[in-house]
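Chains as they are written, first to last, in full-length UniProt numbering: chain G, 1 to 419; chain B, 1 to 419; chain F, 1 to 419; chain H, 1 to 419. The beta carbon of each residue, even a glycine, is placed where N, CA and C say it ideally should be. Values in this document were obtained by computation on a predicted structure and should not be read as measured data.
There are 4 protein chains.
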Amino acid sequence: MANSSFLSDLMARVAQAGWRRHARGDASDTFDLFQRLLGDEGEASGLVTAMQALDQFETHSPSEKAQLFHKIAGECSVDDAALADAIAAYRPGDAEAARRIHYTAEPQSLELIRRLNRVPGATARLVNMRADLLGALRDAPSLKGLDADFEHLFASWFNRGFLEIRRIDWHTPADILEKIITYEAVHEINGWDDLRQRVADPDRRLFAFFHPAMPSDPLIFVEVALTRVIPAAIDAIIRSDRDRIDPTDATTAVFYSISNCQKGLRGISFGNFLIKQVVAELQSELPNLKTFVTLSPVPGLRKWAEARPDLLTPGDLAAIDAADGPSFDDARRIAARYLLHARRPQGTAMDPVAHFHLGNGAALHRIHAAADLSANGRAGSWGVMVNYLYDGPSIEANHQAYATAHKITASAEVRKLAD
Amino acid sequence: MANSSFLSDLMARVAQAGWRRHARGDASDTFDLFQRLLGDEGEASGLVTAMQALDQFETHSPSEKAQLFHKIAGECSVDDAALADAIAAYRPGDAEAARRIHYTAEPQSLELIRRLNRVPGATARLVNMRADLLGALRDAPSLKGLDADFEHLFASWFNRGFLEIRRIDWHTPADILEKIITYEAVHEINGWDDLRQRVADPDRRLFAFFHPAMPSDPLIFVEVALTRVIPAAIDAIIRSDRDRIDPTDATTAVFYSISNCQKGLRGISFGNFLIKQVVAELQSELPNLKTFVTLSPVPGLRKWAEARPDLLTPGDLAAIDAADGPSFDDARRIAARYLLHARRPQGTAMDPVAHFHLGNGAALHRIHAAADLSANGRAGSWGVMVNYLYDGPSIEANHQAYATAHKITASAEVRKLAD
Amino acid sequence: MANSSFLSDLMARVAQAGWRRHARGDASDTFDLFQRLLGDEGEASGLVTAMQALDQFETHSPSEKAQLFHKIAGECSVDDAALADAIAAYRPGDAEAARRIHYTAEPQSLELIRRLNRVPGATARLVNMRADLLGALRDAPSLKGLDADFEHLFASWFNRGFLEIRRIDWHTPADILEKIITYEAVHEINGWDDLRQRVADPDRRLFAFFHPAMPSDPLIFVEVALTRVIPAAIDAIIRSDRDRIDPTDATTAVFYSISNCQKGLRGISFGNFLIKQVVAELQSELPNLKTFVTLSPVPGLRKWAEARPDLLTPGDLAAIDAADGPSFDDARRIAARYLLHARRPQGTAMDPVAHFHLGNGAALHRIHAAADLSANGRAGSWGVMVNYLYDGPSIEANHQAYATAHKITASAEVRKLAD
Amino acid sequence: MANSSFLSDLMARVAQAGWRRHARGDASDTFDLFQRLLGDEGEASGLVTAMQALDQFETHSPSEKAQLFHKIAGECSVDDAALADAIAAYRPGDAEAARRIHYTAEPQSLELIRRLNRVPGATARLVNMRADLLGALRDAPSLKGLDADFEHLFASWFNRGFLEIRRIDWHTPADILEKIITYEAVHEINGWDDLRQRVADPDRRLFAFFHPAMPSDPLIFVEVALTRVIPAAIDAIIRSDRDRIDPTDATTAVFYSISNCQKGLRGISFGNFLIKQVVAELQSELPNLKTFVTLSPVPGLRKWAEARPDLLTPGDLAAIDAADGPSFDDARRIAARYLLHARRPQGTAMDPVAHFHLGNGAALHRIHAAADLSANGRAGSWGVMVNYLYDGPSIEANHQAYATAHKITASAEVRKLAD
């Protein structure tokens, strides 16, 4: 049974670390494999073709990969004659004819990605393929269409209903924990002892979303500190000699770090669901928790301010120019102006972190100076950090106000600061 | 935190059997929920809307559901103005403009289904929703477009790479085993004792595909008998007083029943992958197995023959008209003619089971009379059954010959029978 | 590596159903294996000897097994000379010398059982071996000592701390559910549909204790009905057309059946721990539950009464002699006298079910006539059943009163009945 | 239901890290709890007593614990009158009377340990209690009897048949991996990166035994290197910049480190079973492996040699006295003499590692100088290490020869060295 033993050989080889060394060929060979995959092959041999294509792709250099992406974008397109027919048959209001256009106009690249995904374990590899594509995209905007195909499929495959939330703790397998260390993007984890505190201390929690096709790869995770007060600085949370508290004594859950793990999933939004589900989990575990709040960076503050925008007063500008940077009070005032008033052309908050939490329905609650004294923190925002408050009864209204009218909900304290 | 406690309430209520009794409203209320879901809501409240919509949908009568499907098909369509613009910008050969048409022409029904799927456990419910749609479709061909949307999304979500194969045996949870009893479509399972034989006897195997979002719902399963000869009748396989053999003594694996479990997944093909993966699993477990063969029904034989098609000789027709039906020899000869020569307009085999196995690369190996003496077997094919042979070295060539030229590979014995 | 490949062969063979057919030899060959096992062998070959010994034992007839038990009891004894020395060195009050006697006097049979247990999966087989021994014991009281050895070891191995409680429901593997059907000793389970009600109806629970070395073999299980009243008859609980209630509406948990599963664990008590742990589980899941009560048979009532004991009045005796048996009132009164006053020589309750629950601290709460109209129920107790009440605040005092003074706690109603 | 809610409270409190702070009392209070536990309590309240006793014990200082052990040893003894009666009834050859002596002479300390073990999670705590006892024992030989009780029970509870083998790799939970780092007793693991090599490199394996009542606590583990040659030095195995090989290319499995993890299990032997089971696992995974060998330290060599025993020649003694220690050749020769000829009074090998492997049936295969240049290695054996060979066909004979006649099987090379 050559064919089926081929399949079982295949499985065996996949299991072995070494087998990919057999993959070879240049970008144009790989493109041939892609085209064969789109042709009319038997499913078993199609599976083998897909596996070879993935293996070979992964041996390519960035420039070979870019070359390949261009070939896909250019050649895996539509049947123009069929599309012309479908267009000709369409009249506005004819839903069925419009649907026919939709399916006729589907670029072959979508089917290519779906067929590659048939290989066991392919999903994670396709996510990496898109990360490569995003790299190539920086120099070649013409790849945007192909990237949209990846994003569209991933949005469907990584649908909220397919994800599972898991608590990460000291019983979690080491390979997953190692990825947490690697992916932490906000407040670096300095090795296993630091990690142990963040996942295993009684007053710490870490939750992540996973997709069943990538069971060892977290998609996004959030780190939570359980406290008795709303914190004003990150050091109090992450330093190793802090006092631990009994989690049943905590009144406040602080989301102090949210990290997306997969570059290749850019544009697929998980954070909003994650925060809300973690709130629900924590409320169920610890009914004493009353306040849900972030301790967040303000990554765009300093860059914005140093461009001397019109929103700043002469006093603000003088503060910025001071030898040691702005004083604590100055920094907080400038931050308040930035967060409340600096906007993108479409009217949303300029700061990406602010945009994320405000869009989720949080309110801008407090602004702290000297809150993040790391090199990063000073460079981004003179050390300023912010609490966004997730206040149940008003989340929906906050979200609506921001989504429809770009209205930012902020505490009186912050509003006063900005004046 | 009203909103997040709402979420946790929600989870709690979902866990409880009873909560759906609160769902109420008629089809037009449900459609309002669908439209709210497509609008610009916060994600948490969108989740609640989706859950209410699903709950309410499930309380409707078939005619209410049909009414609702018509509303979706008619009103969840495209933005005609935007589509006109995209069409205007398109010239043949412009892949990007074609892609823009594709995304602009996407019917809103696709996004509706994706948003409904965000609810935990929704995937199985959407599969059932499509089963309802298929029911409504019989009387209303205009729903075909909406059905194509479901089929398109399901083909993407139930991609081979997302499925897992599991062996079903006597350690399998009872709720899954109960579904096997229910879904067996070919040779009825008469209760738990009969099931026990089919999954727990040493010379029997049952494998199924599952999707991680539906962990207790098999999608398709195949039943295998391990034997020392190619069987000529089904009774030898399923009767309870047969001799069991030591599986390491078996040389032949017989696929004697393949059942699709989910009506709502019609058109999504799993069987080809399942058979090939089961061959690989069995080869790895039992290296003595040399022959992989089916024992399959011929469901269309009698209906076809009784329509007196031109392919039949006067002798065949006389045999059909005989008081007791055709003799064994006559039945086998007529079956051979049917399987080799009766074709659909597009040239493929008329018999659906033949079409499935030939399309997978199997060969038509043997034809047996008096092989299925059940009422079903007599009514469908005068008791005739067939062995299709999955012969490794020739599978790919068989598949290609059938896929491209509708050429049916058959043993000399069968070809001689048909002459 | 003959030896270690021997080990791996061994494992392989164990995995195969068929391999035990190789075991052969009569009881005296098996005894030779037992003696080799007690000798000074290498551990790997000792493991093989143990495996052969178990395999061979299981091929023996009951009379061969009995013969073997006698040989063990007679010949696997102590070193009399060493014991004499240890005794000679002992003076009352010398704890160390007493300990030396203890270890010197240990019968070799204990070590034999421990060595047999080294074989993977042996624990369940040793439990069955003791069941065989209990059978042989009926005709041969001289085996009591050997049985005490088994009981002593099992009490240590099946220590409460090693057991795990599991809820049995419709997600439980079929092989375990099948054992529940088999082992139910009180109210027969009529097949899988009946079982499904008892484990999967929303107002039913079934909990069992397991030992990690016997993961598919329940040791004991209890069936619970969640109700709104204390039930007066078993039929209302087990009949298939009863009304189901929402478990959150239940106020009362009824333990209506407790079954020990392993004959070979006779004398090892699990029921007391199980009931109390199930109460704790149910309280945690369903805080509305306020009353924990049994619905129990009175197996010894009729046999006792028909022996015309002095405790019965002439009226009682006349009632017993009535053509249709005693009236409802008569039966309840006689049952009350039996349960409150009939005692074993050592002063404990004569009825074994009463003794079990009273010893656990329950109170005798209510007595119902016409409560179990099955053949068993009529034959044992004219259909009488009893509620024992597990009332938290008084459990400890009830237990102490019964344990130290054989005082039976009963409700005023029952006490009045008995007068 | 005060009592059962007490039980559930208890469970809840156990789950919480903090609850043990409530334990208090001095050693004599704890002894009172022990005595209450041995008295006639209800089982539920007995469970509470046991839990309090364990909690309180763990708050004690070493000297309080020692005091408590003395009280147990002295006061939890036997019923002298009953023992005298049992002795009086005994005549040599009366197996039943001897058995009665055995059970009558059982020290109460055994029952105390069994009752403490009823508490969920108690087994690990009792193992730690014995570790404390072993500490106290160093200064108080009179505790030996009590220690024998622990050892006796643990030998029964940690019976081979109850253990499970697990491969430890990079998917293993971090809390278990952390224990591997802590417990490695032979070649220190320098943090997580070093650990990662030892468990996750393709040519490395680590296997451990676990007991189901201590699922996160390894009992013993062995580290294996897969190589193409028998190694002559430890550095080639543990250094981080070594070449990794494909495991299917390996011919040799090297057991380079075996560590017992639980001080409290001293005297309970697991290593022999573990090595043999790991050989079986490896043979099944990698059929190319032909040679199973250790790379072992010689911990007693230098201490023995520096005591100038008669077995050494004047040349040996001169070599020992050399300024830089013995030359490579001298060290190997002296080691050969030590390993082959240095014996304990009872005739067994003086070196504990040699005794372990020879007792398991291994042969003394090769002796390497400059094989362990760590401080430990130089201090113990001038850097000498040894290969013991597990050669299948001769294991059983080797074991017998050593067990019965203290005969050490060695290669011709080693024997020649020693002459």
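message: Using a Cβ-Cβ distance cut-off of 8 angstroms, determine whether residue 420/F contacts chain B.
response: Within the shown structure, residues of chain F are numbered from 1 to 419, placing residue 420/F beyond reach of any answer.
task: Could you check which residue in A105/F, E281/F and A185/F has the C-alpha nearest to that of R99/H?
output: Nearest option by C-alpha distance: A105/F.
task: Kindly say whether A418/H, judged by its beta-carbon, lies nearer than 8 angstroms to any beta-carbon of chain G.
output: By this cut-off, A418/H is not an interface position.
message: Using 8 angstroms for Cβ pairs, my map puts L295/H next to V254/H. What's the rounded Cβ distance?
response: With a Cβ gap of about 5 angstroms, L295/H and V254/H count as contacting.
query: Apart from the five residues on each side of it in sequence, which residues of its chain come closer than 7 angstroms, Cβ to Cβ, to R242/B?
result: So the list reads A236, once near-sequence residues are dropped.
task: Indicate whether at least one CB of chain B lies closer than 8 angstroms to the CB of D175/F.
output: So, interface residue.
- request: Under 7 angstroms Cβ to Cβ from P107/G, same chain only, skipping five residues before and after it: list those, please.
  value: Same-chain partners within the cutoff: C76, S77, V78 and D149.
query: Does the beta carbon of D9/G come closer than 8 angstroms to any beta carbon on chain H?
result: Interpretation of D9/G is limited by its pLDDT of 46, a score under 50 that renders its predicted location unreliable; the figure taken from the coordinates is listed afterwards. Taking 8 angstroms as the threshold, the shortest C-beta distance from D9/G to chain H does not fall below it.
task: Rank G74/H, P92/H and E188/H by C-alpha distance to the C-alpha of G145/H and give the top, closest one.
output: Distance check between G145/H and each of G74/H, P92/H and E188/H places G74/H closest, using alpha-carbon atoms only.
task: Excluding the 5 residues preceding and the 5 following F162/F in the sequence, name in chain order all residues of the same chain whose CB lies nearer than 8 angstroms to its CB.
output: Counting only Cβ-Cβ distances below 8 angstroms, and skipping sequence neighbours, we find H211 and P212.
query: For the candidate residues S259/G, S45/G, E164/G and L358/G, whose alpha-carbon lies nearest to that of G121/B?
result: It is E164/G.
message: So V123/B contacts chain G; which residues on that side make the cut at Cβ distance below 8 angstroms?
response: Rather than Val, the amino acid found at residue 123/B in this sequence is Thr. Within chain G, the residues near T123/B are G161 and F162.
Within 8 angstroms, strictly: CB atoms of N398/B and A369/B: It is not a contact, given that the beta carbons lie outside the stated cut-off.
task: Please confirm whether L219/F and F270/F have their CB atoms less than 8 angstroms apart.
output: Yes, the Cβ-Cβ distance between L219/F and F270/F is below 8 angstroms.
- request: Please list, in chain order, all residues of the same chain as R115/F whose beta carbon is under 8 angstroms from its beta carbon, the five residues on each side excluded.
  value: Annotation for R115/F: L37, L38, G46 and A50 place their beta carbon closer than 8 angstroms to its own, counting only its chain and skipping 5 residues before and after.
query: Which partner residues of V119/F appear in the DSSP bridge assignment?
result: None, per the DSSP bridge assignment.
- prompt: Any chance the CB of L134/H is under 7 angstroms from a heavy atom of the ligand ATP?
  reply: For the structure depicted, the ligand ATP is absent and the ligand set is empty, with no information on it obtainable.
- prompt: Got a sec? Which residues, its chain only, sit under 7 angstroms from L417/F by beta carbon, not counting five neighbours each side?
  reply: In the same chain as L417/F, and ignoring 5 residues on each side of it, the C-beta atoms closer than 7 angstroms to its own belong to R332, R333, A336 and I367, in chain order.
message: Check this for me: beta carbons of I181/G and F221/G, under 8 angstroms apart or not?
response: No, these two residues do not count as a Cβ contact at 8 angstroms.
field: 8 angstroms CB neighbourhood of S240/G in its chain, flanking five on each side removed
entry: Only D193, D194 and Q197 meet the Cβ criterion.
- request: Mind listing the chain H neighbours of I87/F? Cutoff is C-beta to C-beta under 7 angstroms, in chain order.
  value: Within chain H, the residues near I87/F are I87.
query: Residue range of the alpha helix (DSSP H) that V224/H falls in?
result: Per DSSP, V224/H lies in no alpha helix (DSSP H) segment; the continuous beta strand (DSSP E) that holds it begins and ends at I220 to T227.
Buried versus exposed call for A140/G [16 or more other C-beta atoms within 10 Å across all chains shown]: A140/G is exposed by the Cβ-count criterion.
message: Distance check for Q56/G and F69/G, CA to CA, integer angstroms please.
response: Straight through space, the alpha carbons of Q56/G and F69/G are spaced by roughly 14 angstroms.
task: Report all residues from its chain with a CB closer than 6 angstroms to the CB of K71/B; omit the five preceding and five following residues, and keep chain order.
output: Cβ within range, chain order: F31.
- request: Measure from the alpha carbon of A131/G to the alpha carbon of each residue in Y338/G, E178/G, L265/G and T252/G, then state which is nearest.
  value: With distances taken between Cα atoms, A131/G lies closest to L265/G.
query: My guess is that residue 426/H and L282/H are in contact by the Cβ rule of under 8 angstroms, so how many angstroms apart are they, rounded?
result: The requested residue 426/H is not part of the displayed model; chain H covers only 1 to 419.
message: Taking the straight line between their C-alpha atoms, what separation do you get for A342/F and D329/F?
response: A342/F and D329/F: Cα-Cα distance of roughly 19 angstroms.
- prompt: Going by the CB atoms, is the gap between L153/H and I189/H shorter than 8 angstroms?
  reply: Pairing I189/H with L153/H gives a Cβ-Cβ distance that is not under 8 angstroms.
field: Buried versus exposed, by CB contacts within 10 Å (16 or more), R21/B
entry: Residue placement at R21/B is poorly supported in this model, since its pLDDT is 42, which falls under 50; the coordinates are not used for a value here.
field: Sequence ranges, beta strand (DSSP E) only - wholly within the region 290-339 of chain H, length at least 3
entry: List check, beta strand (DSSP E) in window: 291-294.
- prompt: Just by C-beta distance, which residues in the UniProt domain "Malonyl-CoA decarboxylase C-terminal" (161-308) of chain G are closer than 7 angstroms to chain H?
  reply: Here the close residues are W170, H171, T172, P173, A174, D175, L177, W192, P202 and D246.
Close-in-space but distant-in-sequence residues of the same chain around R344/B (CB under 6 angstroms, 5 per side omitted): So the list reads M350, once near-sequence residues are dropped.
message: Am I right that F158/F and I268/F are in contact with their C-beta atoms under 8 angstroms? What's the rounded C-beta distance?
response: That belief holds up - the Cβ atoms of F158/F and I268/F are roughly 5 angstroms apart, short of 8 angstroms.
message: So, for I234/B: in the same chain, excluding its five sequence neighbours on each side, which residues have a beta-carbon less than 7 angstroms away from its beta-carbon?
response: Cβ within range, chain order: H187, Y256, L295, A371, D372 and M385.
message: Contact defined as beta carbons within less than 8 angstroms: I believe R302/G pairs with G380/G. What is the distance between those atoms, to the nearest angstrom?
response: Yes, R302/G and G380/G are in contact; Cβ-Cβ is about 6 angstroms, under 8 angstroms.
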